[in-house]
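Numbering (the numbering used here), first residue to last: -16 to 142.
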């Protein structure tokens, strides 16, 4: 293995990460402009860009969660994620160990450091099950700082 081979191997993970960041940005843009599209239609649009339906589904599930957690900071959020597969098996993991989730956090934090469009943010927030649960609790009279969420539950698509 020559020095150029070593350099190429070192660049590969960085290239994959950059491609993932571009996919996240593109997915956010699609979700920001989603109006009356169904979740399936949004995921399909994301998948056309990512060429990976599983990644498109993961981005669709995680981006709204990151938005909710960054905007509604007073709530105590669970770090746990439960993925339920079509055969009803479950897989538990920690969001803090999920590479895609961490990259989404970085992209969204960077996005929030610039100009913010409330309509686009609302389009994404309204796709968040956590945001909807928080909103319902507030409408029922709960105090924001007393709220705490359970694990983020996501349903995996058919393979």
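Cβ coordinates follow ideal geometry from the N, Cα and C atoms, glycine included.
In the DSSP assignment, no residue is bridged to residue 15. Between residue 86 and residue 0, the C-beta gap is smaller than 9 Å, which places the two residues in contact. In the DSSP secondary-structure assignment, residue 138 is bridged to 67. Beta bridge pairing from DSSP links residue 96 with no other residue. Between residue 83 and residue 3, the gap from beta carbon to beta carbon is short of 9 Å. For the 9 Å CB-CB criterion, residue 137 and residue 91 do not form a contact. With a contact defined as Cβ atoms closer than 8 Å, residue 51 and residue 111 qualify at about 4 Å.
Contact between the region 118 to 130 and the region 52 to 63 is established, with three or more Cβ pairs separated by less than 8 Å.
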